[in-house]
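Engineer:
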Amino acid sequence: MIGIIGAMDVEIELLKSDLDLEKKSERAQMVFYQGKLKGKEVVLVKSGIGKVNAAVCTQILVDDFSVDKVIFTGVAGAVDKKLDVGDIVISTDTIQHDVNSTVMGYELGEIAEMNKAKFIADQTLISLAKDAGEKLIEEGATIKVVTGRVLSGDQFIADDEKVEWLKETFGGYCAEMEGAAVGQACFLNDLPFVIIRSMSDKADGSADVDYSTFMEKAANRSYRIVEEMLDHI
Ligand code: ADE
């Protein structure tokens, strides 16, 4: 069983419309859609925005739906300067950029006592996502598909200086609000995961406007990667 998470309606609605629905159930105010997508058993869910929602959602997928892998699909703000709106970042790993226990002697992003900042995505899922991205490009999409670090925090980033700080401090490719929580929850449960994000904005001073303008188009790009991946899983 494959768990597929998006944070918002726009990030799951196309997948939902393609899903051959078998069962719908509700837990923790989240609706889980179980069924077949591209012939594969999946459970699709909107987690809601932010790290806590994403972590709770992932744990429910593990406990109640016995998923054996998790794919997150959605949009993000670009942190790497070579990325434009619409481009895709496939996670190599994820870090929570808003975790700070430095006064206790930990690195920025490092979770106290867990001695861990990075949650590493699954190599097989990364390869599948990369192949799916290449297919999209072959079919005429004028986008870049890169692998890189996904940064998560309970903050919408809309500030050039913060973007520079994120790049310098963590070497991130994009900023969003859920991926590292999914990564941490998957790590705790020993499950493979990958985060797929299409850029809706550049996390700068115009991020709020760009986000509203391009969110839907970006979400659709990420959706197409997931659908293509499912053919080969
Ligand atoms: N999701 C999309 N754009 C984002 C941004 N700029 N910051 C955080 N999450 C985002």
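Heads up: the sequence shown begins at 126 in our numbering, then just goes up one per residue.
Using N, Cα and C, we set each Cβ at its ideal position, and we do this for glycine too.
By how many angstroms is the C-alpha of residue 282 removed from the C-alpha of residue 292?
Structural biologist: Residue 292 sits at position 167 when you count from the first residue of the sequence shown. Residue 282 sits at position 157 when you count from the first residue of the sequence shown. Approximately 13 Å between the Cα atoms of the pair.
Engineer: For the beta strand (DSSP E) that contains residue 221, what are its first and last residues?
Structural biologist: By 1-based counting over the sequence shown, the position of residue 221 is 96. Here the beta strand (DSSP E) through residue 221 covers 213 to 221.
Engineer: If you follow the beta strand (DSSP E) that residue 298 is in, where does it begin and where does it stop?
Structural biologist: Translated into the one-based positions of the sequence shown, residue 298 becomes position 173. Element bounds for residue 298: 297 to 301.
Engineer: Mind listing, in chain order, the continuous beta strand (DSSP E) runs of no fewer than 3 residues lying wholly within the region 282 to 352?
Structural biologist: Counting only runs of 3 or more, we get 297 to 301, 318 to 326.
Engineer: Could you pull out every residue in the same chain whose Cβ sits closer than 6 Å to the Cβ of residue 309, ignoring the five residues on either side in sequence?
Structural biologist: Position 184 of the sequence shown, counted from the first residue, corresponds to residue 309. Cβ neighbours of residue 309 beyond the five flanking positions: 244.
Engineer: Specify whether the region 161 to 180 and the region 351 to 358 touch according to this definition: at least 3 beta carbon pairs, one from each stretch, less than 8 Å apart.
Structural biologist: As far as the Cβ criterion goes, the region 161 to 180 touches the region 351 to 358, which means the pair count is three or higher.
Engineer: Less than 8 Å between the CB atoms is what I'm expecting for residue 257 and residue 130, so what's the real figure, rounded?
Structural biologist: Reading the sequence shown from its first residue, position 132 is the one you call residue 257. Reading the sequence shown from its first residue, position 5 is the one you call residue 130. Going by Cβ atoms, the distance from residue 257 to residue 130 rounds to 17 Å, so no, they are not a contact pair.
Engineer: Is residue 210 near the ligand ADE, in the sense that its beta carbon is under 6 Å from a heavy atom of that ligand?
Structural biologist: As a working note, residue 210 is residue 85 in the sequence shown. Not under cutoff, so the answer is no.
Engineer: Mind checking whether residue 186 and residue 128 have CB atoms under 7 Å apart?
Structural biologist: Start at 1 with the first residue of the sequence shown, and residue 186 comes out as number 61. Start at 1 with the first residue of the sequence shown, and residue 128 comes out as number 3. Yes.
Engineer: Who are the Cβ neighbours of residue 348 in its own chain at under 7 Å, not counting the five residues just before and after it?
Structural biologist: Translated into positions along the sequence shown, residue 348 becomes position 223. Here the set comprises 139, 140, 198.
Engineer: Given 6 Å as the limit, tell me if residue 282 has its C-beta closer than that to any heavy atom belonging to the ligand ADE.
Structural biologist: Stepping through the sequence shown from its first residue, residue 282 is reached at position 157. Because some heavy atom of the ligand ADE lies under 6 Å away, the Cβ of residue 282 counts as near it: yes.
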